[in-house]
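The block underneath contains the structure these notes are about, expressed in structure tokens.
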Amino acid sequence: MSDTTEFRVTYDGPALENHEMDPRELAPALLAMADLLDASAKVLYGDKAKVNVNVKGSFKTGSFNVDFVTGVKWLQSVRDIFAGSEATATANASAILGALGVLGKTGLIPLLKWLRARPITRVELTDPAGGDRPRARIYVGNDFYDTEGATVDLLRDVGVRKAMERVLAPLETSGIDVVALGQGSSVNITVDAGDLPSFVSPVAENLRHAPGSRARRSARLWA
61 MSDTTEFRVT YDGPALENHE MDPRELAPAL LAMADLLDAS AKVLYGDKAK VNVNVKGSFK
121 TGSFNVDFVT GVKWLQSVRD IFAGSEATAT ANASAILGAL GVLGKTGLIP LLKWLRARPI
181 TRVELTDPAG GDRPRARIYV GNDFYDTEGA TVDLLRDVGV RKAMERVLAP LETSGIDVVA
241 LGQGSSVNIT VDAGDLPSFV SPVAENLRHA PGSRARRSAR LWA
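Counting in the numbering used here, the sequence shown runs from 61 upward without gaps.
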């Protein structure tokens, strides 16, 4: 079982005025995007979820956009196919992109921009009635940010955080100022070079001791 969703990553800045980018910078970023989606799928849906990522068309023409097509492929056993799986029914590529913030407004990328590397004081989780997805309220002192519980799971995962950092690594290059993410010509969120400190991945030890969002209603969590 699989579904596909298209999205776009745009790198912009004076160095790209001729719509050219050093492949030594581009290739690691493309690989990191594949790693980011794959790690996110495993965090949210387990080892049976495998993400396929393909670059669509040529990225040598036009403004320097990279169009991706991504889909979730399920590695199902015969028992799973006949018995059904709640995770399989609800998981799709759009949900993963939403939890990351590539689509939607409250995923991991906007959360990290809001945090600005500040330590999280606590996380309050709710399980809404009616089958809606769990929500999380993340506190830094008296300030708070509301998002889905899945975003907290991604925030805590070392693989996700390291891959995210590598996707944004071209911003460390002089003349590349902005990374924009969205679909087609519609930009959902941007990250500029000044945001990079917010995306530095934490050491594994800090995340290992942070309780998971599925386990407790209130937790101390460090970004």
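Beta carbons are placed, not taken as given, at the ideal position from N, Cα and C, and that holds for glycine.
Limits of the beta strand (DSSP E) - the one that Asp-95 falls within: Per DSSP, Asp-95 belongs to no beta strand (DSSP E); it is in the alpha helix (DSSP H), 83-105.
Beta-bridge partners of Asp-72, as assigned by DSSP: Val-238
Collapsed DSSP secondary structure at Leu-163 in the structure displayed: coil
Asp-217 (DSSP reduced to helix, strand or coil): coil
Given 8 Å, three or more beta-carbon pairs between the region 216-229 and the region 85-102: yes
Exposed unless 16 or more other CB atoms sit within 10 angstroms - verdict on Asp-107: exposed
Per-residue DSSP class, three states only, for Arg-195: strand
Asp-48 - DSSP class collapsed to helix/strand/coil: Outside the shown range of the chain (61 to 283) lies residue 48, about which nothing can therefore be said.
Burial state of Ala-177 (16 or more Cβ within 10 Å): exposed
Local conformation of Val-260 per DSSP, three classes: coil
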